[in-house]
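**Q** My questions will all concern the structure given below.
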Amino acid sequence: MAAQDSTSSNNAIVYHDGMGRPSELSPLQKHVSFFDINKDGIVYPWETYQGFRKMGCGVPLSVFASLFINFGLSQKTRPGKWPSPLLPIEVENIKLGKHTSDSGVYDSEGRFVESKFEEIFKKHAKSNPNGLTSRELDEMLQANRKPNDYGGWIGALSEWKILYFISKDKNGILPKETIRGVYDGSLFESMAKKHASKKQVVIISSS
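For any residue, its number in this note's numbering is found by taking its place in the sequence shown, counting from 1, and adding 178.
And the structure:
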C-alpha cells in the first residue's frame with residue numbers, strides 16, 4: 179500500500195505513489211489534477227474537455243467525458259455546499275468521489291494499494307500477464323460489481339471503457355503499465371506529451 183510520510187520538514191503530508199515516488203498530492207489527487215488546467219484546485223467541465231483534447235481524444239469523446247465526469251463528481255467533492263451549475267470538482271476532496279464497485283486500488287484516502295493492483299492481473303489477465311483484453315476487462319468489471327450498486331457500475335464501466343478505448347495497443351490489449359500510469363497519475367501527462375510531439379512532427383513535415 180502507498181503510505182503517507184509525515185516526516186517532511188514543513189510538516190505537510192507526503193504521499194508515496196505506486197512507483198514509490200514522494201508527492202504532496204495523493205495518487206488520486208494527482209490523477210485528477212491533470213485536468214486542473216489553471217492549477218487553482220478546481221476542475222470545471224471545460225478544463226476536463228481541454229485535458230482530453232490534450233491527450234489526443236476526439237471532440238465527441240471529450241465532450242461526453244467532460245459532462246459525465248463533472249456531473250458525477252462535482253457535488254460529491256463539495257460537501258455541505260449548494261450544487262453549482264458550473265459543475266466544479268474540488269481536487270482536494272476527490273477521495274469523496276471514489277465510487278463503489280471498483281477495483282480497490284485506491285484506498286479511502288486516495289492512496290495506491292499495490293496488492294490490489296497486482297490482484298487485477300492475477301485474477302483476470304489470463305491471456306497475457308501484462309495486460310487485459312476487452313473480454314478480461316468485462317470479466318473484471320463483472321467481478322467487482324456490488325449488488326444493486328447501479329451508480330458504481332456505471333462509474334466503473336465508463337472509466338474503464340474510456341481508458342481501454344484511448345489506451346489499448348495494436349493487439350487490443352490494455353497494458354499493465356498503462357493501467358499503473360492511470361493510478362499513479364502519470365499516464366495523462368505522458369499521453370499529452372506524445373500527442374504534442376505528433377502534432378509537432380505533422381507541422382514540421384507539412385512546412
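For each residue, glycine too, the CB sits at the ideal point set by N, CA and C.
Within 10 angstroms of the Cβ of Pro-223, are there 16 or more other Cβ atoms? Answer buried if so, exposed if not.
**A** The residue in question, Pro-223, is buried, as its Cβ has 16 or more Cβ neighbours within 10 Å.
**Q** Could you check what DSSP says for Pro-353 in three-state terms: helix, strand or coil?
**A** Here Pro-353 sits in strand by DSSP.
**Q** Using the beta-carbon count (16 or more within 10 Å), is Asn-248 buried or exposed?
**A** Classification for Asn-248: buried.
**Q** How do the segment 278-291 and the segment 216-232 stand: do at least 3 beta-carbon pairs fall below 8 Å, yes or no?
**A** As far as the Cβ criterion goes, the segment 278-291 does not touch the segment 216-232, which means the pair count is below three.
**Q** How big is the Cα-Cα spacing for Val-210 and Leu-245?
**A** Rounded to whole angstroms, Val-210 to Leu-245 spans 15 Å at the Cα level.
**Q** In whole angstroms, what is the alpha-carbon distance linking Ser-375 and Lys-232?
**A** Rounded to whole angstroms, Ser-375 to Lys-232 spans 11 Å at the Cα level.
**Q** Suppose you measure from the CA of Lys-254 to the CA of Gly-329; what does that come to, to the nearest Å?
**A** Taking the straight line from one Cα to the other gives about 13 Å.
**Q** In terms of residue numbering, what span does the alpha helix (DSSP H) encompassing Tyr-342 cover?
**A** Where Tyr-342 is concerned, the enclosing alpha helix (DSSP H) stretches over 328-345.
**Q** Counting along the chain, where does the alpha helix (DSSP H) carrying Thr-226 start and finish?
**A** Element bounds for Thr-226: 223-232.
**Q** For the pair the segment 311-328 and the segment 255-272, tell me if three or more CB-CB distances fall below 8 Å.
**A** Segments in contact, no.
**Q** Alpha carbon to alpha carbon, how far is Leu-251 from Lys-300?
**A** Looking at the two C-alpha atoms, the distance is approximately 30 Å.
**Q** Who are the near neighbours of Ile-298 in its chain, counting only those whose CB is closer than 8 Å to its CB and skipping five residues on each side?
**A** Excluding sequence neighbours, Ile-298 sits near Ser-281, Val-283, Leu-310, Met-318, Ile-357.
**Q** Between which two residues does the alpha helix (DSSP H) holding His-209 run?
**A** First-last of the alpha helix (DSSP H) with His-209: 205-211.
**Q** Taking Cβ to Cβ, would you say Gly-234 is nearer than 8 Å to Phe-366?
**A** The answer is no: Cβ separation not under 8 Å.
**Q** With Ile-387 as the anchor, note down where its alpha helix (DSSP H) starts and where it stops.
**A** Since the first residue of the chain shown is 179 and the last is 385, residue 387 is not available in this structure.
**Q** Suppose only complete runs of 4+ residues qualify. What are the alpha helix (DSSP H) ranges in the segment 246-295, listed by chain order?
**A** Entirely contained in the segment 246-295, not one alpha helix (DSSP H) run reaches 4 residues.
**Q** Would Pro-238 pass as a contact of Asp-362 if the rule is Cβ separation under 8 Å?
**A** Not a contact, by the Cβ cut-off of 8 Å.
**Q** For the candidate residues Ser-312, Asp-214, Lys-348, Lys-324, whose alpha-carbon lies nearest to that of Ile-340?
**A** Nearest option by C-alpha distance: Ser-312.
**Q** What does the Cβ neighbour count give for Ser-305, buried or exposed, with the cut at 16 atoms within 10 Å?
**A** Its Cβ having fewer than 16 others within 10 Å, Ser-305 is exposed.
**Q** What is the residue span of the alpha helix (DSSP H) that Ser-312 lies within?
**A** 312-322 is the span of the alpha helix (DSSP H), which, as asked, contains Ser-312.
**Q** Alpha carbon to alpha carbon, what distance is there between Gln-207 and Leu-171?
**A** Lying outside 179 to 385, the shown extent of the chain, residue 171 is not represented and no answer is given.
**Q** Whole angstroms is fine: what's the gap from Lys-217's alpha carbon to His-277's?
**A** C-alpha separation (whole angstroms): 24 Å.
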